[in-house]
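Protein chains in written order, with my numbering: chain A, 138 to 434; chain B, 32 to 480.
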């Protein structure tokens, strides 16, 4: 099957700054692909290049098998990080406007369906400037997906949502994947990325530093983390421990290469009462921090 | 094209549904009808009750007071009424002839005081005192320097002549002149015939009808229309461009600051977006122009000036207005895309405004000589040509066809160039954040894209 997006050797510079550096990436059709990376690392630039809002200086980008701009534009939709809606317009009118821009004819039924699905039917006749932030975000999301696009690009779709609405968005995104759509979304919420993404891609200082399934990425780091709860003793000064992070209810110990977890367990039992001892792989948050903030290591 | 029309439709509907648009539409008839309405209202509010004017006629024979008294019949039956409606619009008039006191200074002063007292008590509106030597012609023609004996005094609580004061002045003048003619044995009718002013008819050039071969006389030149119409057309064009282009520019600034730009550019190319906005702007402006033009036509028909508004003139007006809208509209939209906020737009628009108002400064001399060198030069400058050519076209015999077509071609080429350049500025500027561009930046964006 043709990949939804193929990025090959793409570089984009703004003046002296290289935003994306020789990036190659393949997004398979029908998957959820998470883009992670610190602020200013090149995520949004990459998304904008996929949308052809920016053109790459070097390299090629094929979207839904097409390299030309016009061929795929109506089959691709984009929800930018900064939400943009015409404030004086009614909810149903603004969604209709975006649907018509994507070539939909008589989209009223589809709009009503999505408003119902996102629990927003009661606000159809409200003006956008009368909506709460969460409601505006729903309107923006519906505007992006109502035209039934094949590729959906969402830049920070979960930012600012309460847990209820976050679940609503999560369900909607999973439903879209079930319907065969490809979803690319960028996020700073590592837990969401872990739960939703089939693939995770991390960009740092314009370069790709991670790309693959979550399992494959975690496997690359191995079982080098101990999750420990110790009562009556200190975790300081343990042999074979590279870094200690206190999460309050438990502490996380990252092991040096070749360190023996059993020896550490014996030492912990000597120091106090061990209530929790779990050997695990680093989560996405840890991996992100290890890459993006080495001084914190 | 479908996407351009979708954007144009949104822009148009958003534009015509704003309060600013409705206010501008309401303001026009208010401004145009205001003077008519006010004058009608003031007529309604005028006091039409009977006013008594006391007349002290010191002239020999007291003929003037008698003449005034006789005139009141005509006044109170005919002049007092609006000829169109037959309704009374002026106060009724009663003349009270008061025998003059003796000619001594004290007696005259005493009589003036007594009549003033009666006026203060509202027994009379005013009093008129006709000097004893009123029939003698003055050596000094300046009426201000005349002595009381050779003048007519009008005294009242409310200084100022008012309608009745002016009417009585004319009647007294007539009566005095009748007496002077009689004394000199001059037939007044004959004298008026001799003094009848000439009739100056200003016309265009006589032409030969190409189809019939007949030589056709030029139409009469209507001086008022020739002066008024070009100014109105230029003013209307300027106003319509500003009403259309300014909100469109502010809309782009808003879309940029609210990050709507990125959403739109996810669906359309920058050029499609700009073209849609431009079409919407032209639609709004032409709607405004059509309504204003219609209102103006109705107003002109009241004064019989519609002969000058020919179908040809209307076609040229809308053709040049459309091109001017595309030129200035695309520039305004590009400025909106380049600016970070409304303050930036003011800086960037300064040179544009110079070109926009240039025709307003030139219109005075051009109206004095609609086919002179200045008029021709301004007709060839692309930014002023639309307004100047339409203004000149409204003055018979119009602009020579070569100049009209040449000017239209120059404006059309400029329109294409402006839309192209604006598209390039728009593409770069619309997503640019955080930096206020200078004019040289805009030039670089046009050159390099």
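Ideal Cβ placement from N, Cα and C applies to all residues, glycine included. These figures come from a predicted structure and were not determined experimentally.
- With distances taken between CA atoms, residue 284 of chain B lies nearest to B/463 out of B/104, B/418, B/463 and B/115.
- For residue 170 of chain A, the secondary structure class from DSSP, reduced to helix, strand or coil, is strand.
- Under the three-state reduction of DSSP output, residue 90 of chain B falls in the coil class, being neither helix nor strand.
- The C-alpha of residue 450 of chain B is placed about 8 Å away from the C-alpha of residue 362 of chain B.
- DSSP lists B/124 as the bridge partner or partners of residue 82 of chain B.
- Residue-level contact check: residue 292 of chain B touches chain A, since one or more beta carbons of chain A fall below 8 Å from its beta carbon.
- By the criterion of a C-beta distance shorter than 7 Å, residue 196 of chain B is surrounded in its chain by 185, once the five residues flanking it on both sides are discounted.
- The beta carbons of residue 296 of chain B and residue 198 of chain A sit about 16 Å from each other, so the pair does not count as a contact at 8 Å.
- Put simply, the CB of residue 455 of chain B is far from chain A, with every gap to its CB atoms at 8 Å or more.
- Between residue 83 of chain B and residue 121 of chain B, the C-beta spacing is not below 8 Å.
- The beta-carbon of residue 188 of chain A is placed less than 8 Å from the nearest beta-carbon of chain B.
- CA-to-CA, the gap between residue 45 of chain B and residue 108 of chain B works out to about 58 Å.
- Cα atoms of residue 426 of chain B and residue 232 of chain B: separation of roughly 16 Å, rounded to the nearest angstrom.
- In this structure, residue 419 of chain A places its C-beta atom within 8 Å of the C-beta atom of residue 355 of chain A.
- Using beta-carbon distances, residue 221 of chain A counts as an interface residue toward chain B, with a partner under 8 Å.
- Sixteen is the threshold: when 16 or more other Cβ atoms of the shown chains lie within 10 Å of the Cβ of residue 286 of chain B, as they do, the residue is buried.
- If you draw a 10 Å sphere on the C-beta of residue 138 of chain B, you find fewer than 16 other C-beta atoms in it, and that means exposed.
- With distances taken between CA atoms, residue 467 of chain B lies nearest to B/367 out of B/386, B/367, B/220 and B/168.
- DSSP places residue 198 of chain A in the uninterrupted beta strand (DSSP E) bounded by 195 to 200.
- DSSP, read as helix, strand or coil, puts residue 269 of chain A in coil.
- Excluding five sequence positions before and after residue 103 of chain B, the CB atoms of its chain that fall closer than 8 Å to its own CB belong to 124, 125 and 126, given in chain order.
- Put simply, the segment 264 to 278 of chain A touches the segment 216 to 229 of chain A. At least three CB pairs are less than 8 Å apart.
- At a Cβ-Cβ threshold of 8 Å, residue 396 of chain A and residue 374 of chain A do not count as neighbours.
- In the structure shown, residue 108 of chain B falls within a helical segment according to DSSP collapsed to helix, strand and coil.
- Residue 243 of chain B sits away from residue 47 of chain B, with the two beta carbons spaced by 8 Å or more.
- For residue 162 of chain A, the three-state secondary structure derived from DSSP is strand.
- Nearest C-alpha to residue 470 of chain B among B/412, B/379 and B/444: B/379.
- A check of alpha carbon separations from residue 414 of chain B across B/209, B/393 and B/402 identifies B/393 as the nearest.
- Against chain A, a Cβ distance below 7 Å from residue 266 of chain B picks out nothing, because the smallest value is about 30 Å.
- For a Cβ distance threshold of 9 Å, residue set 37, 38, 40 and 41 of chain B lies close to residue 234 of chain A, ordered along the chain.
- Taking all protein chains shown into account, residue 246 of chain A has fewer than 16 neighbouring C-beta atoms within 10 Å of its C-beta and is therefore exposed.
- Less than 8 Å separates the beta-carbon of residue 364 of chain A from that of residue 413 of chain A.
- Residues of the segment 299 to 332 of chain B whose Cβ lies closer than 8 Å to any Cβ of chain A, in chain order: 299 and 300.
- Taking 8 Å as the Cβ-Cβ cut-off, the segment 458 to 476 of chain B approaches chain A at 462, given in chain order.
- For the segment 369 to 394 of chain B, the set of residues with a beta-carbon nearer than 8 Å to any beta-carbon of chain A is empty.
- Using a CB distance below 7 Å, no part of the segment 138 to 172 of chain A faces chain B.
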